[in-house]
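First residue of the first sequence: 1248, per our numbering; consecutive thereafter.
In what follows, a single structure is set out as structure tokens and then discussed.
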Amino acid sequence: MPELPEVETLRRELEPRLTGRTIVESGSHWSTKFTPAVEAIDATIAEVDRRGKFLLLRLVDQRELIVHLGMTGTLSFRAALPDPDDSYLRAWWRLAESADAEAETLLFHDVRRFGRIRIVRTGDYTSIPTLHHAGPEPWDPALTPKLFHELIAKSRRAIKTQLLSQRPVAGVGNIYADEALWAAEINPRVTRLGQARAERLLEEVRRALEKGIDNGGTTLRDYRTVHGGIGGNQYSLAAYGRSGQPCLRCDTDLISAVIDARTTTWCPVCQRR
DNA sequence: CCAGCAGCCTGAAAGC
DNA sequence: TGCTTTCAGGCTGCTG
């Protein structure tokens, strides 16, 4: 599932290929999750940005084309227009090249249709609740350990649930939440964290996300880079997907349970309550 | 306002 | 073998 490291990997790949280009033609699947794609026709892309798991294509006309990859979304390019028989294609944008070069098409595929596309006025995220209420970016200097601790203290829900909520920090999903909690030796069901443990968790969230980016994302099944390649982070996960396998710190078998409708894996010894 | 949860989706894997 | 059930889960929107 694309989380911050996967979206950031895509953002970096897309930036040089999209910046300054104009969308001259576009199409979408019939679902209203994707139909806003065509509102970008005639717009020029000024910047390729990211907020949490949302990809933000800033347009020169004070709007933003927002793409969320959901569970199975991928972005790729092809020289030609889309194949009409491409059954998982949900949206596409034909990009005009600068003067002498050829145009190409940006394709958005999404098998399960959990993704979505929106166009909003720049910075106006009121119609996208999760984005509107998203906490700071992980490396925002304003995100001090003190602030992180305060944001967590606002809720009494399990820390795992809070990380997934995007509110204490933006961009963490199920994989990196389990990895960060394992690294910080914090039980996912804990509902309150002291200042010191909150600080440790923030460090480990940052470390887990950085490692994900450095490895080009985690490909469990669907995630692909713009070039169709897979990530490398799936080979260095310590907790996610390792239920029943030995803890890399203490050798105890990891256990799992469903927390907030997500399978959560942790070490019953290192991450004791 | 927050917490809790159904619903959205489909292919792969597991179960029978 | 082949059919059925379960599982994966980010986000929205509804209810209490």
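Beta carbons: idealized from backbone N, C-alpha and C, even for Gly.
- Assigned with DSSP and collapsed to three states, R1264 falls in helix.
- Contact between the stretch 1253-1273 and the stretch 1461-1479 is present: three or more C-beta pairs spanning the two stretches fall below 8 Å.
- Taking the Cα of H1379 as reference, the smallest distance to any Cα among Q1413, A1290, I1399 is reached at Q1413.
- F1324 places its beta carbon 8 Å or farther from that of I1313.
- For W1386, there is no enclosing alpha helix (DSSP H), as DSSP marks it with neither H nor E.
- Going by DSSP, F1301 is part of the beta strand (DSSP E) stretching over 1301-1306.
- Annotated as distal: T1438 and A1400, with beta-carbon spacing of 8 Å or more.
- Contact between the stretch 1354-1371 and the stretch 1334-1341 is present: three or more C-beta pairs spanning the two stretches fall below 8 Å.
- CA-CA distance, T1282 to H1276, rounds to 6 Å.
- With three or more CB-CB distances shorter than 8 Å, the stretch 1306-1321 counts as touching the stretch 1285-1294.
- When the five nearest sequence neighbours on each side are left out, the beta carbons in the same chain lying within less than 8 Å of the beta carbon of K1280 are those of R1337, R1360, G1362, R1363, I1364, in order along the chain.
- Within the stretch 1301-1345, the beta strand (DSSP E) runs of at least 3 residues that lie entirely inside it are, in chain order, 1301-1306, 1310-1315, 1320-1325, 1336-1343.
- The shortest C-alpha to C-alpha distance from A1431 to any of A1486, T1319, E1349 is the one to A1486.
- When C-beta atoms of the stretch 1475-1494 are compared with those of the stretch 1443-1451, fewer than three pairs fall below 8 Å, so the two segments do not count as touching.
- Rounded to the nearest angstrom, the Cβ distance from G1382 to L1398 is 6 Å, consistent with a contact under 8 Å.
- Beta-carbon to beta-carbon, R1519 and N1434 are separated by about 6 Å, close enough to satisfy the 8 Å threshold.
- Restricted to the stretch 1447-1501, not a single alpha helix (DSSP H) segment is unbroken, complete and at least 4 residues in length.
- Around the beta carbon of E1260, 16 or more other beta carbons sit within 10 angstroms, so the residue counts as buried.
- As DSSP reads the structure, S1503 sits in a beta bridge with T1512.
- Within the same chain, Cβ atoms closer than 6 Å to the Cβ of R1453 are found at P1385, the five residues on either side in sequence being excluded.
- Per DSSP, the beta bridge partners of I1366 are L1312.
- Beta-bridge pairing by DSSP links D1357 to G1320.
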